[in-house]
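Protein chains in written order, with our numbering: chain U, 1 to 576; chain S, 1001 to 1576. In this text, a Cβ means the ideal position worked out from N, Cα and C, and glycines have one as well. In this text, all values refer to a predicted model and were calculated from it rather than measured experimentally. Encoded as structure tokens, the structure appears first; notes follow it.
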């Protein structure tokens, strides 16, 4: 006899009873008063009187006057950066998040299929259920000459059959809509479709016929930058996802665009909540709070982060509190402030009265993953021969993740182009430096970053794996990049050749091994050191990380030159 | 370059343009005027002006003032009875149905996994896309001692990974909620869940705690017999499916129960449209017409048979007309009457101005399937020894598919219990007679069928495969059953030992090889012969077919005795 069915029938006592709450039904966006019965980690029943279902071993939680909701779901995030989720999950839980769908791009770009499997393994048995998407990145980097040749693409596509893989990760529209069907991305899409997966889009700035072409393949888009983006996506069958997280806050545009839109068609995501925001602001609770502040009805926002999210990814066992659903439950004291009091994960009380009742669960990564930044740095790699002189191409950093192409005339000293920090002209270099590539590397120029002294380097490159460094001299850049390599990966700011702030990220070169609070402190120190040296970008780490993101607008850094993102072409220092 | 994306971008002419229609958006339940572009069998775009997309080879259909809808989807039917869908599909298409989800129970009970594969093969390349569910029947017949021992259950469950298998077929609640998790049905459910499938319920008469227990496993229920059944299912996370078809018309109850219910949560089905209704009334067009008559808004009904149906079964490539969807399109002249003028299937015009432009596609079934009714009939199998005398158990047929247990005292002649047609007391027998079983057999009694003379036999048994016969004497029953076996399966009415009406169904003993119109005529002749001989049941073939349906209410016939459906027990002629 299954306990679940027996409890539902009223023939056995429940494991857990949440008594007297207002239980949320996302289908109707209303509450129903009652006692919620849990058995075998699943919802057994919602009943007006649970007294007959309470036995000597039943855990009874009094939730009178509280709102009882399904656990929150983040439909788009990047767990593989800054912090390891084996530690960060406790903060997610504290805010009622019990399921996430994550990109796997960074791990995959560095270790191929094994990297994705590692991310899945490291997050396999957490009280937050982690699903992954297969990264689109490795499948289209070839257009810009950046294919990571020793990553086996078919091997990655085969992972589409994994129970925890629910789709393809964010695809940049500019490449996707122009490609031929013979390109590898088609293989990825077919594998994902054959296993019922979702294809996630990144449609920032995509509209009109281009958006229509993109919509023939993608299922959602979390790049809602303007209110009208919502309707334009919806009428093409693309689910708009409102974003609030460390990268951007698009909620005002999303809220304006979703007025009058049927409630079932919308989702919310964080797109990554980095250590400071995670500790100080929250996770999906913060996203919902922000949505409510922006004027979205709380019940409508709750629906977006529960049932809608689950349905969109075909996660039929969660997202509601109906019988048979996984018992992932959030108890709120107040709708408006989204104050999470108690959280249940698969029937276990993991947060009670605001206290998280579980500890970090560090994962034992193999040595090759903990020592993967193998870049060999010599100062001459950052020297730029000025033979011929004249103007050269450079990246003009704007704000957020935006950068465009410009022309600069760097000073020439000893036959070399040099940086000119007084004129906001810095060198920027990307050295391939992962387990998968050790050759090549490119040094160019960037303006708009305003660094006055020293250099910064990071292995958390959003595009090609490697070490990216921006600095005022080749010597400072060398010191910064070498220190990153010594740490096995991380963020380092140097001045006069000495580190002044650093965040080690030895896990695959991109994640810290420390507790989230310490990671937050170190990341803040790096940010502070950059600001103190003149960087005016509101998010210096985002500015640097996205310098190599060759799908984002519009002009980026790769290991073989600049990349013109729209043209999908490599651009040399001296364009033809 | 993919033609689809190129057409969507406006860079290539479309294959097909539907110009000037009112194009339905099921998400908003509204129409948008525009030209619908089709390329590569998919929807490319909806545009206000298609002139730039019309090339010399573009087929342009003027649909001005017409309603342009996604193809209709039947979420629950039984294709494996009366008619072969390789012939019937043309009638489905004529009414705008382009996708069906069918049970596979009859073929599976007779041939195991091979039977399901045969059904899928026979319907693989039709202009109506056919998806199947794995039959629950073989997985629980064991409780009543009726397990078909030579069917390999694991072999059937493994089929859950097939692209065209989308779930588990209708599960009878009374068995499911009381069973132990160790029973084979759990294996089926797990296999289906692991492949993202849907578990279909049959919850007729299931309510309160029993319904809650059932809801822990099932996803939908098409047994909406009372208006309140809708809300009771919805609040437990079970999708209510309104039924209109040859078996029952539940639409008034469904319509009453669905007032005010969010539009996205509801579906409609036929549960089987038999030859007469298919030819004379229609298919999903008839279901929608009936729903509109019952007061459901046309646009709401359209949503139920398109987007909702597709989403419920995870068929993300259909159910709407957004870019990338399969180009299954229905053009209606009028919403209220649902008059289907033109139908497109995967981009091909298959119905134009009411004319179906494709022919029957008979399938070449193997000999063992065309000659599968191997019952060996001798008159003594229908004799019932009256030793001891007194009352015996009998089936009391009520109406539709309902029957209950009763006690009768048949006349005793020559030491045998006999039928007494003057007193509405007939013999009823079920002989195992398929490729899978040849032993056993049971003869009992039935009241309520009112047959005055002769006998009827059929191999289209809803429960155990075999030949069921009901008659006034053992001799008449023998003649009827023998004739069924001679035909390789079918329906036969005899009088004085001679057939007076017959419908051959040699395909697996359950489907006709003839065109639908002829099948209709023969079935009508059988029905007429039964009515002429006194049968008062409104649907004599339904009454006889369901006599062996051991999951339906409440007292049925199996090959080893009666079955008390609620108790899940075999009941002998003389109960203890």
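Chain U contact residues for residue i, given Cβ-Cβ distances below 8 Å
i                      : result
residue 1215 (chain S) : 8, 322, 323, 324
Own chain, CB closer than 7 Å to residue i, minus 5 neighbours either side, in chain order
i                      : result
residue 1003 (chain S) : 1012, 1039, 1040
residue 143 (chain U)  : Note that residue 143 (chain U) has pLDDT 45, beneath the 50 cutoff, so the model's placement of it is unreliable and the number below is only indicative. Counting only Cβ-Cβ distances below 7 Å, and skipping sequence neighbours, we find 175, 568.
residue 1052 (chain S) : 1010
residue 311 (chain U)  : 319
residue 517 (chain U)  : 279
residue 1327 (chain S) : 1038, 1041, 1042, 1043, 1344, 1346, 1347
Within chain U, the residues that residue i reaches when beta carbons sit closer than 9 Å
i                      : result
residue 1194 (chain S) : 163
residue 1177 (chain S) : 5, 8, 9
residue 1042 (chain S) : 216
Within chain S, the residues that residue i reaches when beta carbons sit closer than 7 Å
i                     : result
residue 36 (chain U)  : Near residue 36 (chain U) there are no residues of chain S at all, since even the closest Cβ is about 12 Å away, more than 7 Å.
residue 183 (chain U) : Residues of chain S passing the Cβ test: none, with the nearest at roughly 10 Å.
residue 577 (chain U) : Lying outside 1 to 576, the shown extent of chain U, residue 577 (chain U) is not represented and no answer is given.
Nearest-angstrom beta carbon gap, residue j and residue i [assumed within contact, 8 Å]
i                      : j                      : result
residue 1542 (chain S) : residue 1247 (chain S) : 6 Å
residue 1396 (chain S) : residue 1461 (chain S) : With a Cβ gap of about 19 Å, residue 1396 (chain S) and residue 1461 (chain S) do not count as contacting.
residue 207 (chain U)  : residue 232 (chain U)  : 6 Å
residue 356 (chain U)  : residue 285 (chain U)  : With 8 Å as the limit, residue 356 (chain U) and residue 285 (chain U) do not qualify as a contact, their Cβ atoms being about 13 Å apart.
residue 67 (chain U)   : residue 332 (chain U)  : 4 Å
residue 257 (chain U)  : residue 227 (chain U)  : 4 Å
residue 1399 (chain S) : residue 1525 (chain S) : The Cβ separation is near 23 Å, so there is no contact.
residue 1225 (chain S) : residue 1253 (chain S) : 6 Å
residue 1527 (chain S) : residue 1540 (chain S) : 6 Å
residue 1433 (chain S) : residue 1375 (chain S) : 3 Å
Residues near residue i by beta carbon distance below 6 Å, same chain, minus five either side
i                      : result
residue 1603 (chain S) : Any question about residue 1603 (chain S) goes unanswered here, given that chain S covers just 1001 to 1576.
residue 1115 (chain S) : 1107, 1108
residue 69 (chain U)   : 24, 302, 330
residue 551 (chain U)  : 172
residue 484 (chain U)  : 457, 459, 467, 490, 492
residue 478 (chain U)  : 377, 379
residue 296 (chain U)  : 255
residue 1299 (chain S) : 1029
residue 1495 (chain S) : 1453, 1454
residue 135 (chain U)  : 104, 105, 108, 169
residue 35 (chain U)   : 17, 19, 47, 50
residue 1072 (chain S) : 1096, 1097, 1284, 1305
Partner residues on chain S for residue i, Cβ-Cβ distance less than 9 Å
i                     : result
residue 271 (chain U) : Chain S residues near residue 271 (chain U): none, gap ~23 Å exceeds 9 Å.
residue 27 (chain U)  : 1234, 1235, 1237, 1261, 1262, 1264, 1265
residue 314 (chain U) : 1196, 1314, 1316
residue 99 (chain U)  : Going along chain S, no residue has its Cβ under 9 Å from residue 99 (chain U), so there is no contact; the nearest lies around 16 Å.
Contacting residues, own chain, Cβ-Cβ under 8 Å from residue i (five flanking each side not counted)
i                     : result
residue 281 (chain U) : 273
residue 419 (chain U) : 410, 425, 426, 427, 445, 471, 472, 473
residue 969 (chain S) : Nothing in the structure corresponds to residue 969 (chain S), since chain S is present only between 1001 and 1576.
residue 117 (chain U) : 159
residue 131 (chain U) : 99, 100, 101, 102, 164, 165, 166, 313, 315
residue 559 (chain U) : 146, 430, 431, 432, 437, 440, 441, 442, 464, 466
Partner residues on chain S for residue i, Cβ-Cβ distance less than 8 Å
i                     : result
residue 209 (chain U) : 1008, 1009, 1010, 1045
residue 113 (chain U) : Here the premise fails: no neighbours, minimum Cβ distance about 21 Å.
Residue i CB to nearest heavy atom of the ligand NAD below 7 Å
i                     : result
residue 315 (chain U) : As presented, the structure is devoid of all ligands, the ligand NAD included, so that no description of it is given.
Closer than 7 Å at the beta carbon, the chain U residues around residue i
i                      : result
residue 1004 (chain S) : 216
residue 1081 (chain S) : By Cβ distance, chain U contributes nothing, its closest Cβ being about 29 Å from residue 1081 (chain S), past 7 Å.
Hey, is the stretch 119-131 of chain U in contact with the stretch 344-362 of chain U, meaning 3+ C-beta pairs nearer than 8 Å? yes
Report yes or no: do the stretch 1178-1186 of chain S and the stretch 1218-1238 of chain S share at least 3 C-beta pairs separated by less than 8 Å? no
Counting beta carbon pairs with one atom in the stretch 42-56 of chain U and one in the stretch 82-91 of chain U, are three or more of them shorter than 8 Å? no
In chain order, what are the residue ranges of uninterrupted alpha helix (DSSP H) at least 4 long that sit wholly in the stretch 1527-1567 of chain S? The qualifying runs are 1540-1545.
Meets three-Cβ-pair contact criterion under 8 Å: the stretch 344-352 of chain U and the stretch 306-315 of chain U: no
Report yes or no: do the stretch 1381-1398 of chain S and the stretch 1093-1112 of chain S share at least 3 C-beta pairs separated by less than 8 Å? Fewer than three beta-carbon pairs drawn from the stretch 1381-1398 of chain S and the stretch 1093-1112 of chain S are found closer than 8 Å, and the two stretches are therefore not classed as touching.
Within the stretch 1236-1262 of chain S, note down every full beta strand (DSSP E) run reaching 3 residues or more, in order along the chain. 1239-1243
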